[in-house]
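J.: In the working numbering, the protein residues as written are 22 to 400. Questions regarding the structure given below will be posed in turn.
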C-alpha cells in the first residue's frame with residue numbers, strides 16, 4: 022500500500038473546530054439525517070444543464086432535487102483540492118486562450134493514459150482562480166455553451182460552503198459524494214489528497230456533524246486508508262466509503278502498481294464483494310454491471326450479491342441524451358436530443374433492479390423518476 026502523510030489531526034484539536042465555523046447556528050443540536058429510499062446523486066452537479074463541476078452546476082442539482090452532489094477532486098501545486106473530472110483541464114476551461122500559461126502545455130501519462138494539455142498540479146490556486154469553466158462535450162450539450170467562461174473552478178471549501186449556505190437557508194441537508202481522482206499518481210507527486218480531504222471536512226460543522234459524506238475512488242488502498250482514518254478519528258458523523266468499479270477486465274491503478282492481478286470483475290464476484298465490504302459501505306459500478314445495454318434488459322446478480330454483504334449500490338451514470346442511452350431507448354438518431362421518455366424508462370429499469378440510488382447528469386428527471394417509482398410501489 023502506498024504510504025500516506027500522517028494526518029495532523031487529533032480529537033482534542035477537532036473539538037475546537039466550532040471556533041472556525043461561521044454562523045454555526047445549528048451546533049447545539051445537529052439534526053438527525055435520514056437517508057432517502059432512492060438516492061439521486063447529481064453527477065458533477067447538474068452537468069446536463071450547466072458546465073460540470075461548477076458551483077452553478079451544483080446549485081442547479083440541489084434546486085432540481087438531488088440528495089447528493091458529486092465533486093471529483095484533484096490537487097493544485099500548492100495542495101488545495103479543486104473540482105475537476107481530470108487534472109487535465111484543456112476541455113473544461115478557457116486555459117488554452119490565456120497566453121500567460123501557454124508555456125505550461127505538456128503531455129503526461131496518468132494511470133497508463135496519455136493526456137495533452139494543462140494540469141492542475143502545475144498551477145497554484147491563485148493561478149487556477151484566473152480560469153473560467155467551459156462545457157466539456159459541446160457537441161452533445163450545445164445549450165451548455167451559453168454558460169462558458171462564466172464560472173470559476175471551485176475548491177472543496179467553496180462546495181462545502183455552498184451546501185452549508187443552502188442548508189442554513191432552507192433546512193434541507195444535501196450530501197457530498199466525493200471522488201478522489203488518481204490517488205496513487207498524485208501520491209507519487211507528493212500531493213496525496215486523503216489527509217487534506219479529511220482535515221477540510223472536519224473543519225466544517227456541516228460536513229463534520231450534519232451532512233452525509235461519501236468518499237469514493239476507483240482505487241482500493243486509498244479507500245482502505247480513509248476507512249482506517251475514519252475509524253480512528255471518529256470525527257465525521259455521517260461518513261461512508263464507496264468502491265467504484267471500472268470495466269470488468271481493467272484493474273485499479275494501485276493494483277497495477279503493486280502487481281496485484283485482480284480486476285474489477287474479480288471485485289464484482291461474491292468473494293470480491295465480501296472483500297470490498299471489509300472497508301466499504303457501498304459500491305458504485307458502471308451501469309452495465311447491473312443491466313446490459315441491449316435487450317432483453319435482464320438484471321445480473323450484482324445488486325443482490327452486493328446486498329448480501331450489506332453494500333449499498335449506486336451505479337453510474339444515467340443521462341438523458343440519446344448519445345448515452347441504450348439504443349433501444351433512444352428517441353431518434355440525433356445523439357444530442359434530450360430523450361425524456363427513454364431516460365425515464367432507464368431510471369425505472371434500474372430502480373426495478375433494486376439499486377439504492379443512481380448517479381445522474383439530470384437530477385430533475387432523476388427525482389421525477391424516483392418519485393414516480395416510489396409512488397407506484399406505494400412507498
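For glycine and all other residues, C-beta sits at the position ideal for the given N, C-alpha and C.
Nearest-angstrom Cα distance between residue 108 and residue 201?
T.: Approximately 11 Å between the Cα atoms of the pair.
J.: If I measure Cβ to Cβ from residue 75 and keep anything under 7 Å in the same chain, skipping five residues before and after, which residues do I get?
T.: The answer, listed in chain order, is 66, 154, 172 and 175.
J.: Indicate the three-state DSSP secondary structure (helix, strand or coil) for residue 140 in the structure shown.
T.: Residue 140 falls in the strand class under three-state DSSP.
J.: Whole angstroms are fine: how far does the CA of residue 83 sit from the CA of residue 197?
T.: Going by the C-alpha atoms only, they are around 11 Å apart.
J.: Assuming residue 301 contacts residue 250 under a Cβ cut-off of 8 Å, what Cβ separation, rounded to an integer in Å, is found between them?
T.: Contact flag wrong, Cβ pair sits at about 14 Å.
J.: Apply the 10 Å Cβ neighbour rule to residue 242 and answer buried if 16 or more other Cβ atoms are within range, or exposed otherwise.
T.: Burial call: buried.
J.: Which first and last residues belong to the alpha helix (DSSP H) in which residue 277 is found?
T.: Residue 277 -> alpha helix (DSSP H) spans 274 to 278.
J.: State the Cα-Cα distance for the pair residue 151 and residue 71, rounded to the nearest angstrom.
T.: So the two alpha carbons sit approximately 20 Å from each other.
J.: If residue 338 and residue 64 are in contact, beta carbons under 8 Å, what's the gap, nearest whole angstrom?
T.: Confirmed, about 5 Å.
J.: Helix, strand or coil for residue 163 per DSSP?
T.: The answer is helix: DSSP assigns residue 163 an H, G or I state.
J.: Give the straight-line distance between the Cα atoms of residue 366 and residue 351, rounded to the nearest whole angstrom.
T.: So the two alpha carbons sit approximately 10 Å from each other.
J.: Quick check: residue 364 and residue 160, are their CB atoms within less than 8 Å of each other?
T.: Their beta carbons are not under 8 Å apart, which means residue 364 does not touch residue 160 by this criterion.
J.: Flag this pair as yes or no: are the beta carbons of residue 309 and residue 340 separated by less than 8 Å?
T.: Against a cut-off of 8 Å, the Cβ pair of residue 340 and residue 309 comes out as no contact.
J.: Taking the beta strand (DSSP E) that residue 378 falls in, what are its first and last residues?
T.: Where residue 378 is concerned, the enclosing beta strand (DSSP E) stretches over 378 to 381.
J.: So residue 97 packs on residue 140, CB below 8 Å; how close in whole Å?
T.: Going by Cβ atoms, the distance from residue 97 to residue 140 rounds to 10 Å, so no, they are not a contact pair.
J.: In terms of alpha-carbon separation, which member of 182, 323, 270 and 58 lies closest to residue 398?
T.: Looking at the Cα atoms, 58 is the closest of the given residues.
J.: For residue 210, does the count of other Cβ atoms within 10 angstroms reach 16, so buried, or fall short, so exposed?
T.: Under this definition residue 210 is an exposed residue.
J.: Determine the closest residue to residue 240 out of 291, 183, 208 and 157, with distance taken between C-alpha atoms.
T.: It is 208 whose Cα lies nearest to the Cα of residue 240.
J.: If you measure between the beta carbons of residue 188 and residue 194, is that distance less than 8 Å?
T.: It is a contact, given that the beta carbons lie within the stated cut-off.
J.: Pick out whichever of 100, 115, 77 and 62 has its Cα sitting closest to the Cα of residue 91.
T.: When each option's Cα is compared against that of residue 91, the closest is 62.
J.: Helix or strand or just coil, what does DSSP make of residue 63?
T.: Here residue 63 sits in strand by DSSP.
J.: Based on the DSSP secondary-structure assignment, which residues constitute the bridge partners of residue 102?
T.: According to DSSP, residue 102 bridges with 96.
J.: Measuring CB to CB, does residue 304 end up less than 8 Å from residue 334?
T.: Yes, Cβ-Cβ distance for residue 304 and residue 334 is below 8 Å.
J.: Could you tell me which whole alpha helix (DSSP H) segments of length 4 or greater appear in the segment 355 to 394?
T.: 361 to 373, all fully within the segment 355 to 394.
J.: Expressed to the nearest angstrom, what Euclidean distance is found between the alpha-carbon atoms of residue 395 and residue 258?
T.: Their Cα atoms are separated by approximately 28 Å.
J.: What does DSSP give as the partner residue(s) for residue 237 in the beta ladder?
T.: Note: residue 237 sits in a beta bridge opposite 200 and 263.
J.: Please name the residue or residues paired with residue 305 in a DSSP beta bridge.
T.: 265, per the DSSP bridge assignment.
J.: Run the CB neighbour count on residue 285, radius 10 Å, all protein chains shown included, and call it buried at 16 or more, exposed below.
T.: Per the 10 Å Cβ criterion, buried.
J.: Comparing alpha-carbon positions, which option in 245, 182, 205 and 323 lies nearest residue 133?
T.: Of the listed residues, the one whose Cα sits closest to residue 133 is 205.
J.: If residue 229 sits next to residue 222, beta carbons under 8 Å apart, how far is it from one beta carbon to the other, in whole angstroms?
T.: Going by Cβ atoms, the distance from residue 229 to residue 222 rounds to 7 Å, so yes, they are a contact pair.
J.: Just to confirm before moving on: does the CB-CB distance between residue 266 and residue 320 stay below 8 Å?
T.: The answer is no: Cβ separation not under 8 Å.
J.: In whole angstroms, give me the CA-to-CA distance for residue 23 and residue 149.
T.: Bear in mind that a pLDDT of 37 at residue 23, under 50, signals an unreliable position, so the number given afterwards is only what the model happens to contain. Each residue's alpha carbon lies about 28 Å from the other.
J.: Taking residue 224 as part of the beta strand (DSSP E), name the residues at either end of that continuous run.
T.: Per DSSP, residue 224 belongs to no beta strand (DSSP E); it is in the alpha helix (DSSP H), 215 to 224.
J.: Determine the contact status of residue 336 and residue 277, defining contact as a CB-CB distance below 8 Å.
T.: Not a contact, by the Cβ cut-off of 8 Å.
J.: Can you name, in chain order, every residue of its own chain whose Cβ lies under 7 Å from the Cβ of residue 126, other than the five neighbours on each side?
T.: Taken in chain order, the residues that qualify are 138 and 139.
J.: So, at 6 Å on beta carbons, what are the nonlocal neighbours of residue 78 in its own chain, with the 5 sequence-adjacent residues on each side left out?
T.: Correct list, in chain order: 66, 67, 68 and 71.
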